[in-house]
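To keep things clear, I will list the structure first and then write my remarks on it.
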Amino acid sequence: MISDSKTRFLPGAAVCFVLFAICYVALVRTEWGHQLDDGVYMASDGFSRRLIALDASLLMDVSRKTIVVAAGVLFLISALRRSLVVGLVAVTGFFTAVLGAEAFKHVLPWRALAPEDAMLGESMQLGTFPSGHATIATAFGLSLLLVCPARWRSWLVVGVGVLSSLFASGVVFTGWHRASDALGALAWSGVCMNLAAAIAVRLRGRPVIGSTRSPLSGSMVLGIVLLVAFFLVAATGAPQHPVRDLPFFLLTGLIIISSFILTAWYSRQLDAVDFSRS
């Protein structure tokens, strides 16, 4: 059982990497992708000012101090469980995701390809792929699932899905990032944390005693509820703004659903796994 769980994480990492590459090539490197991305970015102006202010407040709370505190929480949980090796692996995966996201912004080029690109702000006419904020939230959430006891995961997964979707969609709603940046962040977080989980299972993995509840159904139901709520909020946008455009709904809806799918899938792979004490 442990061998099966361990080997499943590597294909998961490979799938996330392929999705990361597809997202970059399709949305960042093509004129068609720019037109779609720009349309979604500019349509975010149609959202409620209150919603945008709440999202911005959430995003502005993230800083280097927040990242250090998050890593400390992971270490603390691991220390309390006397599983420091797993904690070290989880924190390493978390920092790899965060630092890697920042590095990609400098090594993955962005250049104007569509007429709409000239309408973007100066900060958007630079490398912004993938989103650092969405990566921080998603990678931390997945790290938390990795270090927490197996019996907690079926409940914790819902909160992690909410956290990831709030940040991934929030960077788009506030105009801090394009939709492609948020999708790239989800995929990149999946790459790093699947590799971290594979290493942790190889080093300290052991079967769970007893069965745990499947997290997939509850997480997906909540994801659908949030998506419906998102549609309702979008419908209240000012009529002069194109928030009702299909591309906006498709990409922002995809971001929310992808957050929950990634979280639920990751938790399910860990469902039969716990970790021995250091």
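The numbering of the sequence shown is this note's numbering, which starts it at 1 and goes up by one.
Yeah, the Cβ is synthetic: ideal placement off N, Cα and C, and Gly gets one too.
Query	Result
Neighbour-count burial assignment, A79, 16 or more Cβ in a 10 Å radius	exposed
Buried versus exposed, by CB contacts within 10 Å (16 or more), T252	buried
Length of the line joining the Cα atoms of V171 and A53	12 Å
Integer-rounded CB distance, given that A56 should sit under 8 Å from T174	5 Å
CA-to-CA distance, P149 to D274, given in whole angstroms	7 Å
Spatial distance of T30 from E116 (CA atoms)	13 Å
Selection from L108, I77, L84, A196 that minimises the alpha carbon distance to Y24	L108
Closest residue to M124 among A21, V73, G72, K105 (Cα-Cα distance)	K105
Distance between A137 and A272 (C-alpha atoms, nearest Å)	25 Å
Whole-angstrom distance between L254 and C16, CA atom to CA atom	15 Å
Rounded distance between the beta-carbons of A114 and D38, thought under 8 Å	6 Å
Reduced DSSP secondary structure (H/G/I, E/B, other) of F129	coil
Proximity to T263 [Cα-Cα], best of V191, L203, P247	V191
Status (buried if at least 16 other CB within 10 Å, exposed otherwise) for V69	exposed
Alpha helix (DSSP H) segment containing D61, residue limits	Looking at the DSSP string, D61 is not in any alpha helix (DSSP H), and its letter there is neither H nor E.
C-alpha distance - W152 paired with G121, whole-angstrom precision	43 Å
Beta-carbon contacts of V98 that lie in its chain and below 8 Å, excluding the five residues immediately before and after	I67, G132, T135, I136, A139
D274, DSSP secondary structure in three states	strand
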